[in-house]
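Colleague: Taking full-length UniProt numbering, I'd label the letters of the sequence shown as residues 1 to 320. Glycine included, C-beta positions come from ideal geometry on N, C-alpha and C.
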Amino acid sequence: MSPKDSATTYLSLVEACDDFPYGPTAESDTYYRLYLDEDDHPYGFMTPEVVNKMPWTSAFAVRHEAPRSVTVLDSSNGKSPAAAINSAFAEVVSTCIDRDLFHVLCRQHSELTAIIGAQYPTPIVVERFAAGLFGLVSRGAHLVAYVNADDGLKVWVSRRSAHLYTYPGLLDVTVGGGIKSGVSPLETIVQEADEEASLSEDVIRRHIRPRGVLSHMNTTGEDFKGEKGLVVPDYIYVYDIELPREVVPRPHDDEVEGFYCLSVPELQSALLNKEFKTDSAAVLVYFLIVHGFITAENETDYVEINMRLHRMLPFRTKVL
Numbered sequence: 001m002s003p004k005d006s007a008t009t010y011l012s013l014v015e016a017c018d019d020f021p022y023g024p025t026a027e028s029d030t031y032y033r034l035y036l037d038e039d040d041h042p043y044g045f046m047t048p049e050v051v052n053k054m055p056w057t058s059a060f061a062v063r064h065e066a067p068r069s070v071t072v073l074d075s076s077n078g079k080s081p082a083a084a085i086n087s088a089f090a091e092v093v094s095t096c097i098d099r100d101l102f103h104v105l106c107r108q109h110s111e112l113t114a115i116i117g118a119q120y121p122t123p124i125v126v127e128r129f130a131a132g133l134f135g136l137v138s139r140g141a142h143l144v145a146y147v148n149a150d151d152g153l154k155v156w157v158s159r160r161s162a163h164l165y166t167y168p169g170l171l172d173v174t175v176g177g178g179i180k181s182g183v184s185p186l187e188t189i190v191q192e193a194d195e196e197a198s199l200s201e202d203v204i205r206r207h208i209r210p211r212g213v214l215s216h217m218n219t220t221g222e223d224f225k226g227e228k229g230l231v232v233p234d235y236i237y238v239y240d241i242e243l244p245r246e247v248v249p250r251p252h253d254d255e256v257e258g259f260y261c262l263s264v265p266e267l268q269s270a271l272l273n274k275e276f277k278t279d280s281a282a283v284l285v286y287f288l289i290v291h292g293f294i295t296a297e298n299e300t301d302y303v304e305i306n307m308r309l310h311r312m313l314p315f316r317t318k319v320l
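1) My parser needs the alpha helix (DSSP H) runs of 4 or more residues fully inside the UniProt domain "Nudix hydrolase" (136-286); what are they?
2) First and last residue of the beta strand (DSSP E) that includes S69?
3) Would you call the CB atoms of S215 and R128 closer than 8 Å?
4) So what does H310 bridge to, in DSSP terms?
5) Under 8 Å: do the region 187-203 and the region 141-152 share three or more Cβ pairs, one atom per stretch?
6) CB A84 to CB S76, shorter than 8 Å?
7) Compute the distance between the beta-carbons of Y10 and E299, then report whether it is under 8 Å.
8) Does the region 99-110 come into contact with the region 222-229, if we say contact requires no fewer than three beta-carbon pairs (one atom in each stretch) closer than 8 Å?
9) By the three-class DSSP mapping on this structure, what secondary structure does Y10 have?
10) Throw me the rounded Cβ distance for the A296 and C17 pair, which I believe falls under 8 Å.
11) Tell me where the beta strand (DSSP E) around R33 begins and ends.
12) Run the CB neighbour count on E196, radius 10 Å, all protein chains shown included, and call it buried at 16 or more, exposed below.
13) If I follow the unbroken alpha helix (DSSP H) through E91, where does it start and stop?
14) Quick one: using the 10 Å Cβ neighbour count with 16 as the cut-off for buried, is S184 buried or exposed?
15) From what residue to what residue does the alpha helix (DSSP H) around E49 run?
16) Going by CA-CA distance only, name the one from I204, E38 and D301 that's closest to G78.
17) Which of the three DSSP states is assigned to R107 in this structure?
18) Examine the Cβ distances between the region 233-250 and the region 201-213 and report whether three or more of them are shorter than 8 Å.
19) Taking Cβ to Cβ, would you say R159 is nearer than 8 Å to G258?
20) For the beta strand (DSSP E) holding L126, just list the boundary residues, first then last.
21) Could you work out which residue in G182, L153 and H252 is closest to P244 when comparing CA atoms only?
22) For V264, which option in L288, E275, V137 and E91 has the closest C-alpha, if you only look at C-alpha atoms?
23) Go to E112, then tell me how far its beta strand (DSSP E) extends in each direction, as first and last residue.
24) How would you call K277, buried or exposed, if buried means at least 16 neighbouring beta carbons within 10 angstroms?
25) For G132, which of helix, strand or coil comes out of DSSP?
26) Quick one: give me the first and last residue of the beta strand (DSSP E) that V62 is part of.
27) Going by CA-CA distance only, name the one from Y120, V285 and S69 that's closest to D301.
28) So, for N86: in the same chain, excluding its five sequence neighbours on each side, which residues have a beta-carbon less than 7 Å away from its beta-carbon?
29) Would you please state the rounded distance, in angstroms, between the beta carbons of R308 and I116? I believe it to be under 8 Å.
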């Protein structure tokens, strides 16, 4: 393990994935608000750099004067608004991929993810790799697996493969993934547990426990391979599971290099050494709170940590 950064605390780990400023000045004229036609509620914050580079079509109305905005228009004139808006997103994203305009798209199409809270009878969807360009709310599901060994509770963590686009080689929760359009958080965990950790659906469904939702909002920084400054609002459905001792997670695809069973002191050390993916570090801090290892008696930032783990996002979060 690397030497501990003396400035690293549990609070700083949470702040690392919630670094978007608080207060009305944070939502100033710097960003373009993304709107859907006939809806005055914003769905994302876009940077000027992305707006100026995006190959907009006539299906988008871009306002450069304050308050800045990008509106996806309903070209069907009310006959089929969801289909028209989905087509508008698909066309502009495809053009971006064909022209290799944005690094974050990796010159490839990705699975569809729903725009949360869109007020239409059918889902409004965008390719997952493109969601960050539009500043859209993303959803994930994380599972922390643990065992009660003779010498105390131990946590199964994974190491991300070196070839991954984000956080290559860092430690991670046991299982995690983005939630695809039309898939529930629990089904996401069931699928990812099989694909990433060779954990059977039966084991997951029999032992899993939902632990709530964490939320944060950050911006992509210098350590991100793609575009810098993208606004990333996110919320994570958190689960944990006590595995029978004989059940051992094993890699099943190329996204995971391996699994390690850490004691709580080992987990705490790895967290404070910043060896984890940022949002996964926050999830594991929450796990330590839920299981009584971080308490008001031993952590001076206990209240602020809990508050920062549950940020109120400035966008709709209800899944319709």
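Modeller: Taking the geometry as given:
1) List check, alpha helix (DSSP H) in window: 185-197, 201-207 and 264-272.
2) Counting from 1 along the sequence shown, the entry for residue 69 is found at position 69. Counting along the chain, the beta strand (DSSP E) containing S69 begins and ends at S69 to V72.
3) Along the sequence shown, read from residue 1 onward, the residue named residue 215 stands at position 215. Along the sequence shown, read from residue 1 onward, the residue named residue 128 stands at position 128. Remark: C-beta atoms of S215 and R128 do not approach each other more closely than 8 Å.
4) Locating residue 310 in the sequence shown gives position 310, counting from the first residue. In the DSSP assignment, H310 is bridged to S215.
5) The answer is yes - the region 141-152 touches the region 187-203, with three or more Cβ pairs under 8 Å.
6) Here residue 84 corresponds to residue number 84 of the sequence shown, with the count starting at 1. Here residue 76 corresponds to residue number 76 of the sequence shown, with the count starting at 1. In contact: A84 and S76 (Cβ atoms closer than 8 Å).
7) The count along the sequence shown starts at 1 and reaches residue 10 at position 10. The count along the sequence shown starts at 1 and reaches residue 299 at position 299. In this structure, E299 lies closer than 8 Å to Y10 by Cβ.
8) Touching, yes, given that three or more Cβ pairs across the two stretches are closer than 8 Å.
9) Walking along the sequence shown from the start, residue 10 turns up at place 10. Looking at Y10 - three-state DSSP - the assignment turns out to be helix.
10) The sequence position of residue 296 within the sequence shown is 296, counting from 1. The sequence position of residue 17 within the sequence shown is 17, counting from 1. Actually they are not in contact, since the Cβ atoms of A296 and C17 sit about 23 Å apart, beyond 8 Å.
11) Along the sequence shown, one-based indexing puts residue 33 at 33. Secondary structure note for R33: its beta strand (DSSP E) is the uninterrupted segment Y32 to L36.
12) Counting from 1 along the sequence shown, the entry for residue 196 is found at position 196. E196 comes out buried.
13) For the purposes of this step, residue 91 is identified with residue 91 of the sequence shown, where counting begins at 1. Residues P81 to R99.
14) If you number the sequence shown from 1, residue 184 lands on position 184. S184 counts as exposed, since fewer than 16 other C-beta atoms from the protein chains shown sit within 10 angstroms of its C-beta.
15) In the sequence shown, residue 49 corresponds to position 49, counting from 1. Annotation for E49: the continuous alpha helix (DSSP H) segment containing it runs P48 to K53.
16) Here the question's residue 78 lines up with position 78 in the sequence shown. Comparing Cα-Cα distances from G78 to each of I204, E38 and D301, the minimum goes to E38.
17) Locating residue 107 in the sequence shown gives position 107, counting from the first residue. R107: coil per DSSP, three-state reduction.
18) Judged by Cβ distances under 8 Å, the region 233-250 makes contact with the region 201-213, as three or more pairs qualify.
19) Within the sequence shown, the letter at position 159 stands for residue 159. Within the sequence shown, the letter at position 258 stands for residue 258. At a Cβ-Cβ threshold of 8 Å, R159 and G258 count as neighbours.
20) Translated into positions along the sequence shown, residue 126 becomes position 126. Looking at the sequence provided, one finds Val at residue 126 rather than Leu. Taken as a continuous stretch (DSSP letters only), the beta strand (DSSP E) holding V126 covers V125 to E127.
21) Translated into positions along the sequence shown, residue 244 becomes position 244. The shortest C-alpha to C-alpha distance from P244 to any of G182, L153 and H252 is the one to L153.
22) One-based indexing of the sequence shown puts residue 264 at position 264. In terms of CA proximity to V264, L288 leads the group L288, E275, V137 and E91.
23) On the sequence shown, residue 112 is found 112 positions in, with the first residue counted as 1. The sequence shown places Leu at residue 112, not Glu. It spans L112 to A114 - the beta strand (DSSP E) in which L112 sits, taken as one unbroken run.
24) Along the sequence shown, read from residue 1 onward, the residue named residue 277 stands at position 277. With 16 or more neighbouring CB atoms inside 10 Å of its own CB, K277 falls in the buried class.
25) Here residue 132 refers to the residue found at position 132 of the sequence shown. Helix, per DSSP.
26) Here residue 62 refers to the residue found at position 62 when the sequence shown is read from its first residue. Residues F60 to R63.
27) For this step, residue 301 is matched to residue 301 along the sequence shown. Taking the Cα of D301 as reference, the smallest distance to any Cα among Y120, V285 and S69 is reached at V285.
28) For the purposes of this step, residue 86 is taken as the residue at position 86 of the sequence shown. Only I124 and V125 meet the Cβ criterion.
29) Here residue 308 corresponds to residue number 308 of the sequence shown, with the count starting at 1. Here residue 116 corresponds to residue number 116 of the sequence shown, with the count starting at 1. Between I116 and R308 the Cβ distance is about 21 Å, and since that is not below 8 Å, they are no contact.
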